[in-house]
Amino acid sequence: MSKILEKALNTQFLEKSEIVELLYAENAEQIFFAADKVRKEYKGDAIHLRGLIEFSNICKRNCNYCGLRKDNKSIERYRLTKEEILDCTKSAVELGYKTLVLQSGEDSYFDIERLSEIISEIKKYDVAVTLSIGEKTFDEYKSLKLCGADRYLIRIETTDKNLYEACHPDMNFQNRIDCLKYLKNLGYETGSGCLVGLPNQTIESLADDILFFKSINADMIGIGPFIPCENTPFENLKAGDFYLALKVMAIARLLLPDINIPATTAMETLKKDGQILALQSGANVIMPNITDEKHKKLYKIYPNKGAYNEKDNPKKYRDCLSQKLLSIGRFVSDTKGFRKDI
Ligand code: SAH
Ligand code: SF4
Numbered sequence: 140m141s142k143i144l145e146k147a148l149n150t151q152f153l154e155k156s157e158i159v160e161l162l163y164a165e166n167a168e169q170i171f172f173a174a175d176k177v178r179k180e181y182k183g184d185a186i187h188l189r190g191l192i193e194f195s196n197i198c199k200r201n202c203n204y205c206g207l208r209k210d211n212k213s214i215e216r217y218r219l220t221k222e223e224i225l226d227c228t229k230s231a232v233e234l235g236y237k238t239l240v241l242q243s244g245e246d247s248y249f250d251i252e253r254l255s256e257i258i259s260e261i262k263k264y265d266v267a268v269t270l271s272i273g274e275k276t277f278d279e280y281k282s283l284k285l286c287g288a289d290r291y292l293i294r295i296e297t298t299d300k301n302l303y304e305a306c307h308p309d310m311n312f313q314n315r316i317d318c319l320k321y322l323k324n325l326g327y328e329t330g331s332g333c334l335v336g337l338p339n340q341t342i343e344s345l346a347d348d349i350l351f352f353k354s355i356n357a358d359m360i361g362i363g364p365f366i367p368c369e370n371t372p373f374e375n376l377k378a379g380d381f382y383l384a385l386k387v388m389a390i391a392r393l394l395l396p397d398i399n400i401p402a403t404t405a406m407e408t409l410k411k412d413g414q415i416l417a418l419q420s421g422a423n424v425i426m427p428n429i430t431d432e433k434h435k436k437l438y439k440i441y442p443n444k445g446a447y448n449e450k451d452n453p454k455k456y457r458d459c460l461s462q463k464l465l466s467i468g469r470f471v472s473d474t475k476g477f478r479k480d481i
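Numbering-wise, the sequence shown is residues 140 to 481 according to our numbering.
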């Protein structure tokens, strides 16, 4: 294992067979340590906080793992108004957020005209805007970019086409890949990522996922363990393995040393202090949820989202988090945190 890690540190490249060997390794401490070292060298000790606004839980898709899927009739649906989104923005800016992430289900009500208006208003605050609103056409992505969106998150979820199709009954694998290409071509900082622990997912396919992130030169990578959610076709499956997800994340750091990598909420949901462990294994970003209490509860992608944090109001949470970060030798960044900044 030491030889493979040394090669990764020297060349930022690994063969699939080498990634597979790391993913199978029993004692992964060395991998986490190497990823932490790379993170420190390329990104420093600053943590970028991205304020997450979950502005609609209405979705036309039917991803088999997700609580927001269209056929889940048991959740109460909502959309924030433009005014609510802008109020949330204002509070976030006052708390010091330099990036806002607008996330939702694929909700056609928020067409390009409505989204453009919202993005243009948010951009008046001099913050970076990240969108996480699913699949659109090239022209739609282009319009959103022109009105100020800086970044876009769209996970490939898995690069195993058969598995992708088994998880996404109404979606097209090639289209997902095309979306990532459009975003890159349009100059978005482009984020992807995968779920770890999907049914019948293999270690080999996770290695392919990592090589895929490298091949598209992703600017951000979010790795989330799968968490079963009630009232979905996958409700009775077991959750993904926290340490396997951590390994996938750490290896992504080794191969893409200068990108932004969030310590995902799903990691914290599966394991207390999971996000801190992630920050010590290659991650350099946290996305605190700043949606108001009432709506946050209704955005049930999976149960107990943010179970161990974010119970308090956004200010209290941010203060607590800053203290916690200082205790591990890290601090909250005051920049927008693009890939190329430190
Ligand atoms: N609709 C957009 C954004 C919201 S979903 C989209 O799909 O891109 C954001 C992410 O939540 C998805 O990419 C998926 O990886 C993750 N997710 C959904 N259900 C999940 C579950 N049960 N466990 C863990 N992550 C999940
Ligand atoms: Fe909709 Fe995204 Fe959930 Fe799929 S993962 S059902 S697109 S919110």
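Built from N, CA and C at the ideal position, the CB exists for glycine as well.
Cβ distance (whole Å) where residue i is taken to contact residue j below 8 Å
i, j, result
"arginine 218", "tyrosine 248", "6 Å"
"leucine 234", "lysine 435", "Going by Cβ atoms, the distance from leucine 234 to lysine 435 rounds to 16 Å, so no, they are not a contact pair."
Limits of the beta strand (DSSP E) - the one that residue i falls within
i, result
"histidine 187", "185-195"
"methionine 406", "First-last for methionine 406: 404-409, but that is the alpha helix (DSSP H), not the beta strand (DSSP E)."
"glutamine 242", "238-243"
"arginine 290", "290-292"
"valine 266", "Valine 266 -> no beta strand (DSSP E), and no H or E assigned at all."
Terminal residues of the alpha helix (DSSP H) in which residue i lies
i, result
"isoleucine 258", "251-262"
"alanine 147", "141-150"
"threonine 228", "221-234"
"valine 159", "155-163"
"tyrosine 438", "Note, tyrosine 438: premise wrong, no alpha helix (DSSP H); not H, not E."
"proline 453", "453-466"
"lysine 179", "168-182"
"methionine 388", "381-394"
"isoleucine 398", "Careful: isoleucine 398 lies outside any alpha helix (DSSP H) and carries neither H nor E."
"alanine 417", "413-418"
Under 8 Å between C-beta atoms of residue i and residue j
i, j, result
"threonine 206", "cysteine 368", "Inspection of the sequence shows that residue 206 is occupied by glycine rather than by threonine. Yes. Within cutoff."
"isoleucine 425", "leucine 188", "yes"
"phenylalanine 381", "lysine 410", "yes"
"lysine 297", "tyrosine 303", "Looking at the sequence provided, one finds threonine at residue 297 rather than lysine. Taking 8 Å as the Cβ cut-off, threonine 297 and tyrosine 303 qualify as a contacting pair."
"threonine 430", "tyrosine 438", "yes"
"glycine 244", "asparagine 211", "no"
"proline 372", "asparagine 203", "yes"
"phenylalanine 171", "glutamine 414", "no"
"threonine 404", "lysine 433", "no"
"alanine 389", "glycine 363", "no"
"asparagine 314", "glutamate 252", "no"
"lysine 353", "leucine 394", "yes"
"leucine 191", "valine 266", "no"
"alanine 529", "serine 461", "Only positions 140 to 481 of the chain appear in this structure, which leaves residue 529 out of reach."
"glycine 336", "phenylalanine 365", "yes"
"phenylalanine 312", "lysine 323", "no"
"isoleucine 293", "phenylalanine 351", "no"
"asparagine 423", "lysine 237", "no"
"glutamate 180", "glutamine 242", "no"
Would you check if there are 3 or more beta carbon pairs closer than 8 Å linking the segment 278-295 to the segment 171-186?
The segment 278-295, when compared against the segment 171-186, does not touch it at the 8 Å Cβ threshold.
Can you confirm whether the segment 255-263 touches the segment 322-336 when touching is taken to mean that 3 or more C-beta pairs between the two stretches lie within less than 8 Å?
Verdict: no, contact absent.
Can you confirm whether the segment 346-363 touches the segment 389-405 when touching is taken to mean that 3 or more C-beta pairs between the two stretches lie within less than 8 Å?
These segments touch.
Decide if the segment 338-358 is in contact with the segment 159-169; the criterion is three or more beta carbon pairs, one per stretch, under 8 Å apart.
Flag = yes, the segment 338-358 and the segment 159-169 touch.
Ordered list of alpha helix (DSSP H) runs contained in the segment 318-362, each at least 4 residues
Taken in chain order, the whole alpha helix (DSSP H) runs of length 4 or more contained in the segment 318-362 are 342-354.
Fully enclosed by the segment 197-222, which beta strand (DSSP E) runs are 3 residues long or longer?
Annotation: the segment 197-222 contains no complete segment of the beta strand (DSSP E) (minimum length 3 residues).
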